[in-house]
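Trainee: Residue numbers for the sequence shown follow this note's numbering, beginning at 22 and rising by one.
All C-beta atoms, glycine included, are put in the ideal place defined by N, C-alpha and C.
Note that the structure is a prediction, hence the values are computed from the model and not measured.
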Amino acid sequence: MGDNVYKFIELVGTSTESWEKATANAVEMAGESLRDLRVAEVSELDVQIEEGKIVAYRTKVKLSFKIHKVD
Numbered sequence: 022m023g024d025n026v027y028k029f030i031e032l033v034g035t036s037t038e039s040w041e042k043a044t045a046n047a048v049e050m051a052g053e054s055l056r057d058l059r060v061a062e063v064s065e066l067d068v069q070i071e072e073g074k075i076v077a078y079r080t081k082v083k084l085s086f087k088i089h090k091v092d
């Protein structure tokens, strides 16, 4: 087993249902173009409000994935 290298990116996921769904949306979308996702850390939660009502839940997610050598 060799040494590994990981990269972190920050994403903002959104959902009209919940913070959990917003987080899942961010991770699932990242998984469509990145391999070997490792850890997702939620660093901020907020909501978007219109006319006194919550219309969207938002999560800021710090996501790590493994970097692979190109042969």
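(1) Between which residues of its own chain and F56 is the CB-CB distance below 8 Å, once the five residues before and five after are set aside?
(2) Which term fits V76, buried or exposed, when burial requires 16 or more other beta carbons within 10 angstroms of its beta carbon?
(3) From the DSSP output, which residues share a beta bridge with L58?
(4) Hey, quick one: how far does the beta strand (DSSP E) through V26 stretch, first residue to last?
(5) For I30, tell me which candidate among L66, L84, D92 has the shortest Cα-Cα distance.
Mentor: On the basis of the coordinates in this document:
(1) One point to set straight first is that residue 56 is Arg, not Phe, in the sequence displayed. So the list reads F86, K87, H89, once near-sequence residues are dropped.
(2) It is exposed - the Cβ of V76 has fewer than 16 other Cβ atoms within 10 Å.
(3) Partner(s): F86.
(4) 26-36
(5) Considering only alpha carbons, the answer is L84.
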